[in-house]
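Undergrad: Taken in order, these protein sequences are the chains called H and Z. Note that the first sequence covers residues 2 to 300 in this note's numbering. Note that the second sequence covers residues 2 to 300 in this note's numbering. The C-beta atom is built at its ideal place from N, Cα and C for all residues, glycine as well. Below: one structure in structure tokens.
2 protein chains.
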Amino acid sequence: MRSMPTDAHVGAKFVVDRIVGMIQGVMRDAAREGELDDDAFIGIGLGSPGPLDRETGTVLETPNLGWRNFPLRDLIGKSVGLPAELDNDANAATLGECWQGAARGVSEVLGVTLGTGIGGGLVINGEVYHGASDVAGEIGHMTIDSTGRRCACGNYGCLEAYASGPAIAARAVEGLEAEAASLLPDMVDGDLDRITAAHVSEAIIAGDEYAADVMRETARFLGTGVANLVNILNPEMIVVSGGVTRAGDHLFGPLKAEVRKRAFKVAADACRIVPSELGDTAGVIGAAATFHLARLGPI
Amino acid sequence: MRSMPTDAHVGAKFVVDRIVGMIQGVMRDAAREGELDDDAFIGIGLGSPGPLDRETGTVLETPNLGWRNFPLRDLIGKSVGLPAELDNDANAATLGECWQGAARGVSEVLGVTLGTGIGGGLVINGEVYHGASDVAGEIGHMTIDSTGRRCACGNYGCLEAYASGPAIAARAVEGLEAEAASLLPDMVDGDLDRITAAHVSEAIIAGDEYAADVMRETARFLGTGVANLVNILNPEMIVVSGGVTRAGDHLFGPLKAEVRKRAFKVAADACRIVPSELGDTAGVIGAAATFHLARLGPI
Numbered sequence: 002m003r004s005m006p007t008d009a010h011v012g013a014k015f016v017v018d019r020i021v022g023m024i025q026g027v028m029r030d031a032a033r034e035g036e037l038d039d040d041a042f043i044g045i046g047l048g049s050p051g052p053l054d055r056e057t058g059t060v061l062e063t064p065n066l067g068w069r070n071f072p073l074r075d076l077i078g079k080s081v082g083l084p085a086e087l088d089n090d091a092n093a094a095t096l097g098e099c100w101q102g103a104a105r106g107v108s109e110v111l112g113v114t115l116g117t118g119i120g121g122g123l124v125i126n127g128e129v130y131h132g133a134s135d136v137a138g139e140i141g142h143m144t145i146d147s148t149g150r151r152c153a154c155g156n157y158g159c160l161e162a163y164a165s166g167p168a169i170a171a172r173a174v175e176g177l178e179a180e181a182a183s184l185l186p187d188m189v190d191g192d193l194d195r196i197t198a199a200h201v202s203e204a205i206i207a208g209d210e211y212a213a214d215v216m217r218e219t220a221r222f223l224g225t226g227v228a229n230l231v232n233i234l235n236p237e238m239i240v241v242s243g244g245v246t247r248a249g250d251h252l253f254g255p256l257k258a259e260v261r262k263r264a265f266k267v268a269a270d271a272c273r274i275v276p277s278e279l280g281d282t283a284g285v286i287g288a289a290a291t292f293h294l295a296r297l298g299p300i
Numbered sequence: 002m003r004s005m006p007t008d009a010h011v012g013a014k015f016v017v018d019r020i021v022g023m024i025q026g027v028m029r030d031a032a033r034e035g036e037l038d039d040d041a042f043i044g045i046g047l048g049s050p051g052p053l054d055r056e057t058g059t060v061l062e063t064p065n066l067g068w069r070n071f072p073l074r075d076l077i078g079k080s081v082g083l084p085a086e087l088d089n090d091a092n093a094a095t096l097g098e099c100w101q102g103a104a105r106g107v108s109e110v111l112g113v114t115l116g117t118g119i120g121g122g123l124v125i126n127g128e129v130y131h132g133a134s135d136v137a138g139e140i141g142h143m144t145i146d147s148t149g150r151r152c153a154c155g156n157y158g159c160l161e162a163y164a165s166g167p168a169i170a171a172r173a174v175e176g177l178e179a180e181a182a183s184l185l186p187d188m189v190d191g192d193l194d195r196i197t198a199a200h201v202s203e204a205i206i207a208g209d210e211y212a213a214d215v216m217r218e219t220a221r222f223l224g225t226g227v228a229n230l231v232n233i234l235n236p237e238m239i240v241v242s243g244g245v246t247r248a249g250d251h252l253f254g255p256l257k258a259e260v261r262k263r264a265f266k267v268a269a270d271a272c273r274i275v276p277s278e279l280g281d282t283a284g285v286i287g288a289a290a291t292f293h294l295a296r297l298g299p300i
């Protein structure tokens, strides 16, 4: 897989040109190596943060990228000269795990992606469930504490305000400012503003007790949200992905415990909570599946 | 429709005998009036609080009735001598609204039943969605305030701890104990323990400002939970039922406002939030539909 930073702050046109350039690069390299000629490329599957409109291929709103009513699918499809299909990135990642990853053969699956935001993808009866207007699965702004932490969206107590990457870093910094003993300050030369969720995971692996505490607390918040989803959706499997899952049992142990504490027993018993198998490639594999399902039928 | 109190405290056998007696009464009366003979009755549809197991027809657990692993379907079916099918009462009510009520012709519907507990039923693509183990739609114990009010289930901050009938009454009483001015104390001869959510609705109709305040607050809590469901499920319609809906705009006004405040705009715009059309009969009509769908195919 190839990857590049989005660099969304440079502008939407820059991001589109960069994606088009990467697609053309893949096609050129495959042709040069004699693996595939141009005819072998039949279309483009795209996964993007949402909410979005699949029918028009438009990204309606992305707080984290700053796009509004942005015709991503056609801009990329026309530039490359191939048909394209667009779906939500979390939906694509969940579909990827169902097709080639942790959820092979499972028909009721919820994918939870922990990153800058918290995304959700919902597979019901083996198909992505989109809801009435393609927005289903937006779990990041689920209120778990209506009088709690302020979220970037303006509301209070959203899951994202506790368990997204930036929220984990912010909560870690709060404790350090209250002088918790930790390896974290040395990892950023004392500049606490530079601390990210990745530093918290690294510190845990290095044996840092404070970082492990921050992760346990994260897992309890996340478990509250996941328990809600277990009760509402009664899925067979929840696949958790994102850099934070590197914390392993420091995340999954207290997460599962909180779900058992808060969800109905029959629902909790029916649901396996597992880490992603495909990691960062889940979204790309799932985006390819999205194109196939939309244009060519079942895989 | 005929109805009788459950009187669950007398015991499970008493409840089953009472239900069987009512079914036999309906059949006898129809025969006596020459409307239908016995052959016209082909089966029994049952809606019960859950969680339950549809395959075995067993109610697994009902905190409010005190049943555990209770073979309700076969006890009633065998006593009456007809095949029976069992589903969750909230699922049945939602199916009823889809077949004959407020959600006719709508394919993605969430039913929310406000009563002693808060039940949810989920119709996706025109069919009840049951999840991996028949528990999907259990929205009452969704955490909306993880450090909030204690719930009967033992956790803190469940939706039911704020917006169920008993929770509305309890919150109303708290304010009265703090000496809020209201018609409510006179309605129960000063015995605040007798106040129910129905009294709150009656007091609102009589112009009581304090009761209207309690309902507005209820609607905001409920709106927090409903906004979560709008983001997660992106339904076309949410049908709200239960005695509390008699409060009309005192409930629906602030409920819709809270959903607009907390849910994604595209999801909130796509979702109509309406009161039940069938009221108490939704569950019975839906239970009949449950039997038909299970044994005879699409209606």
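Report yes or no: do three or more beta-carbon pairs, one from the segment 254-269 of chain H and one from the segment 47-54 of chain H, lie closer than 8 Å?
TA: no
Undergrad: Would the segment 72-87 of chain Z count as touching the segment 196-212 of chain Z if we require 3 or more Cβ pairs under 8 Å?
TA: no
Undergrad: Given a cut-off of 8 Å on the beta-carbon distance, is the pair G118 of chain H and G284 of chain H in contact?
TA: no
Undergrad: Please state if the CB of H200 of chain H and the CB of M216 of chain H are separated by a distance shorter than 8 Å.
TA: It is not a contact, given that the beta carbons lie outside the stated cut-off.
Undergrad: Report yes if the CB atom of G44 of chain H is closer than 8 Å to the CB atom of P6 of chain H, and no otherwise.
TA: no
Undergrad: Answer yes or no: do L111 of chain H and L230 of chain H have a C-beta to C-beta separation smaller than 8 Å?
TA: yes
Undergrad: Throw me the rounded Cβ distance for the D90 of chain H and G120 of chain H pair, which I believe falls under 8 Å.
TA: 6 Å
Undergrad: Whose CA, out of H:L185, H:R273 and H:P186, lies closest to the CA of A227 of chain H?
TA: The sequence as given places Val at residue 227 of chain H; Ala does not occur at that position. For the residues H:L185, H:R273 and H:P186, the minimum Cα distance to V227 of chain H belongs to H:R273.
Undergrad: Going straight from the alpha carbon of G287 of chain Z to that of M28 of chain Z, what length do you get?
TA: 19 Å
Undergrad: Just by C-beta distance, which residues in the segment 228-252 of chain Z are closer than 9 Å to chain H?
TA: Contacts with chain H (Cβ-Cβ distance below 9 Å) from the segment 228-252 of chain Z involve A228, N229, L230, V231, N232, I233, L234, N235, P236, E237 and M238, listed in chain order.
Undergrad: Buried or exposed, going by whether 16 or more other CB atoms sit within 10 Å of the CB of P299 of chain Z?
TA: exposed
Undergrad: Under the three-state reduction of DSSP, which class applies to S202 of chain Z: helix, strand or coil?
TA: helix
Undergrad: Hey, is F265 of chain Z's beta-carbon within less than 8 Å of any beta-carbon in chain H?
TA: yes
Undergrad: Which runs of the beta strand (DSSP E) spanning at least 3 residues fall entirely within the segment 187-246 of chain H, listed in chain order?
TA: 238-242
Undergrad: Does DSSP put L184 of chain Z in a helix, in a strand, or in coil?
TA: coil
Undergrad: Just the C-alpha distance for A289 of chain H and G46 of chain H, rounded to the nearest angstrom, thanks.
TA: 5 Å
Undergrad: Give a yes or no on whether 8 Å exceeds the smallest Cβ distance from G112 of chain Z to chain H.
TA: So, not an interface residue.
Undergrad: What distance in whole Å lies between the Cβ atoms of S165 of chain H and G158 of chain H, which are believed to be in contact at a cut-off of 8 Å?
TA: Rounded to the nearest angstrom, the Cβ distance from G158 of chain H to S165 of chain H is 13 Å, too far for a contact under 8 Å.
Undergrad: Q248 of chain H and I205 of chain H look like a contact to me (Cβ under 8 Å); what is the Cβ gap, rounded to whole Å?
TA: First, the amino acid is wrong: residue 248 of chain H is Ala here, not Gln. With a Cβ gap of about 5 Å, A248 of chain H and I205 of chain H count as contacting.
Undergrad: How would you call S4 of chain Z, buried or exposed, if buried means at least 16 neighbouring beta carbons within 10 angstroms?
TA: exposed
Undergrad: If you compare alpha carbons, which of Z:S202, Z:Q25, Z:A32 and Z:A162 is closest to M143 of chain Z?
TA: Z:A162
Undergrad: From this set, H:E180, H:L184, H:A173 and H:S202, which residue's C-alpha is nearest D194 of chain H's C-alpha?
TA: When each option's Cα is compared against that of D194 of chain H, the closest is H:A173.
Undergrad: For the beta strand (DSSP E) containing G127 of chain H, list its first residue and its last residue.
TA: Element bounds for G127 of chain H: n/a, residue is neither H nor E.
Undergrad: The alpha helix (DSSP H) with N70 of chain Z in it runs from where to where?
TA: That residue, N70 of chain Z, is in no alpha helix (DSSP H); its beta strand (DSSP E) goes W68 to F71.
Undergrad: Nearest CA to the CA of G224 of chain Z: which residue from Z:G122, Z:V240, Z:R263 and Z:G244?
TA: Z:R263
Undergrad: Please classify T59 of chain H: does DSSP put it in a helix, a strand, or coil?
TA: strand
Undergrad: Since G138 of chain H and L160 of chain H should fall inside the 8 Å C-beta cutoff, what is the C-beta to C-beta distance between them, to a whole number of angstroms?
TA: Contact check for G138 of chain H and L160 of chain H: beta-carbon distance about 13 Å, past the 8 Å limit, so the pair fails to qualify.
Undergrad: If you follow the beta strand (DSSP E) that V275 of chain Z is in, where does it begin and where does it stop?
TA: Segment R273 to P276, the beta strand (DSSP E) holding V275 of chain Z.
Undergrad: So who's on the other strand from L53 of chain Z, going by DSSP bridges?
TA: Z:V60
Undergrad: Is the CB of T219 of chain H under 8 Å away from at least one CB in chain Z?
TA: Output row for T219 of chain H: interface = no.
Undergrad: So is M143 of chain Z in contact with chain C if we call contact Cβ pairs under 8 Å?
TA: Absent from the structure: chain C. Protein chains present are H and Z.
Undergrad: Tell me whether the beta-carbon of A133 of chain Z lies closer than 8 Å to the beta-carbon of E237 of chain H.
TA: yes
Undergrad: Report, in whole angstroms, the separation of the C-beta atoms of A198 of chain Z and I239 of chain Z, which I expect to be a contact under 8 Å.
TA: No, A198 of chain Z and I239 of chain Z are not in contact; Cβ-Cβ is about 20 Å, not under 8 Å.
Undergrad: Leaving out the 5 sequence neighbours to the left and right, which residues in its chain are closer than 7 Å to R221 of chain H when beta-carbon positions are compared?
TA: P255 and E259
Undergrad: First and last residue of the beta strand (DSSP E) that includes G112 of chain H?
TA: V110 to L115
Undergrad: Please list, in chain order, the chain Z residues whose beta carbon lies closer than 8 Å to that of S134 of chain H.
TA: N235, V267, A268, D270 and A271
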